[in-house]
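Visitor: Numbering (our numbering), first residue to last: 68 to 456.
C-beta atoms are modelled at their ideal positions from N, C-alpha and C, and glycine is treated no differently.
Keep in mind it's a predicted model, so treat the numbers as computed, not measured.
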Ligand code: CTP
Ligand code: MG
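1. Going by the beta-carbon positions, is the gap between residue 347 and residue 449 smaller than 8 Å?
2. Does any heavy atom of the ligand CTP sit closer than 7 Å to the C-beta of residue 79?
3. State the CB to CB distance for the pair residue 269 and residue 200, rounded to an integer number of angstroms; the pair is presumed to be in contact (CB under 8 Å).
4. Hey, out of 335, 281, 119, whose CA is closest to residue 424's CA?
5. Nearer than 7 Å: is that true of the beta carbon of residue 151 relative to any heavy atom of the ligand MG?
6. Rounded to whole angstroms, what's the CA-CA distance from residue 341 to residue 317? Just pull it up for me.
7. So, at 6 Å on beta carbons, what are the nonlocal neighbours of residue 445 in its own chain, with the 5 sequence-adjacent residues on each side left out?
8. What does the alpha-carbon distance come out to for the pair residue 287 and residue 115?
9. Could you name each continuous alpha helix (DSSP H) segment of 4 residues or more that falls completely within the stretch 332–369, going from the start of the chain to the end?
10. Label residue 259 either buried or exposed according to how many other C-beta atoms from any shown protein chain fall within 10 Å of its C-beta, with 16 as the threshold for buried.
11. Is residue 129 close to the ligand CTP? I mean its beta-carbon at under 7 Å from any heavy atom of the ligand.
12. May I ask which residues mark the beginning and end of the alpha helix (DSSP H) holding residue 235?
13. On the criterion of 16 or more Cβ atoms from any shown chain inside 10 Å, does residue 224 qualify as buried, or is it exposed?
14. How long is the line joining the alpha carbons of residue 219 and residue 206, rounded to whole angstroms?
15. With 16 other CB atoms within 10 Å as the buried threshold, where does residue 321 fall?
16. Can at least three beta-carbon pairs, one atom from the stretch 91–109 and one from the stretch 273–290, be found at a separation below 8 Å?
17. Just reading off the alpha helix (DSSP H) that residue 289 is part of, what are its end residues?
18. Are residue 170 and residue 162 closer than 8 Å when you measure CB to CB?
19. List the whole-angstrom C-beta distance separating residue 175 from residue 74, where the pair is believed to meet the contact cut-off of C-beta under 8 Å.
20. Give me the Cα-Cα distance between residue 59 and residue 256, rounded to the nearest whole angstrom.
21. What residue from 142, 132, 333 has the CA that sits closest to residue 306's CA?
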């Protein structure tokens with residue numbers, strides 16, 4: 068007797084050749100702050116009918132995978148094969164000992180499947196051995212010939228999506244039997260094995276990210292899920308003490324004095340950390356890193372900023388933009404401005420173009436005007452999933 072109703076197998080062991088761009092395979096690239104694979108994982112993890120999720124990955128991608136599944140309780144990933152078919156077969160074999168009654172097989176490169184689609188696949192499997200979401204073709208279809216084109220009737224054409232659902236034993240047997248018959252997906256294998264296939268309507272939004280330009284559309288869809296915009300502000304000031312450099316926005320700037328403080332006294336990063344903490348109502352820097360705690364003595368301030376960014380990410384949010392204003396007579400900020408922007412972008416893991424650093428003096432007025440120290444203020448704009456807090 069099976070101990071599991073429905074297992075899910077997510078294949079993510081491809082190399083994403085056609086989408087090649089950037090430093091990660093497509094299934095690990097970020098969409099609204101969340102890796103493509105994580106979108107699919109969250110959809111299945113949220114669904115009550117799914118009791119086990121097994122992911123198949125490339126050995127080389129282990130570090131990307133670990134980063135993508137933080138906080139999820141999943142079995143260790145299985146190594147894929149050189150084709151999608153081989154990757155699915157490896158995943159199914161790994162599930163054998165769990166004896167699921169049904170299995171949903173999904174492409175890790177399809178991030179936007181809905182709860183409703185999962186529910187409909189599972190429901191249709193009650194009375195079918197194989198279930199496939201299909202969509203009609205609405206564009207005119209032309210076949211390219213040696214010279215010119217000829218039209219093809221689209222009436223009978225369908226586009227197949229995943230998740231495709233199967234009775235576990237039957238798709239496992241088909242994979243074992245037709246290992247050497249190359250097919251594009253599991254529906255084709257089921258067809259080959261003579262398994263009756265039930266069709267359900269697919270969803271246009273459940274697109275498979277294939278080419279580099281698919282990411283533009285995906286970014287728009289993902290960004291639409293971040294409905295709530297938050298703004299946080301931060302301020303900090305440190306006074307000068309004897310020394311020969313200051314830390315400002317993560318950059319070491321030569322100066323005739325240092326800044327006094329418990330950590331490295333980087334006013335820019337401190338103001339920015341408070342701005343980000345403010346945007347998610349998470350107190351201030353002193354709450355997370357008490358000055359009385361000796362472990363933060365001389366600490367580099369990027370630690371504080373990383374923590375704030377981490378809190379936003381944990382809420383499923385993204386940092387859309389940050390703006391830091393340094394207020395001082397000296398040192399001159401302009402020569403270091405872009406290095407500061409780059410450093411902040413690195414620490415927050417956001418685009419350079421989403422980081423602004425600027426400077427002003429107080430026209431000789433007040434303590435800052437007398438050259439007694441440096442102040443900074445910062446504003447952070449965050450986008451959260453509606454209801455995240
Ligand atoms: N896949 C897999 N193992 C393979 C090949 C593909 O697990 N050897 C997975 C991919 O990771 C993807 C799904 O199968 O989630 C659909 O494949 P495809 O869109 O073709 O992805 P890639 O093979 O990665 O892309 P490309 O063909 O452009 O290299
Ligand atoms: Mg492929």
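Guide: On the basis of the data shown:
1. yes
2. yes
3. 4 Å
4. 335
5. yes
6. 15 Å
7. 301, 338, 339, 342, 391
8. 28 Å
9. 334–346, 352–355
10. exposed
11. no
12. 235–244
13. exposed
14. 11 Å
15. exposed
16. yes
17. 281–290
18. yes
19. Incorrect: roughly 15 Å between the Cβ atoms, too far for contact.
20. Any property of residue 59 remains undetermined from this structure, which presents the chain solely from 68 to 456.
21. 333
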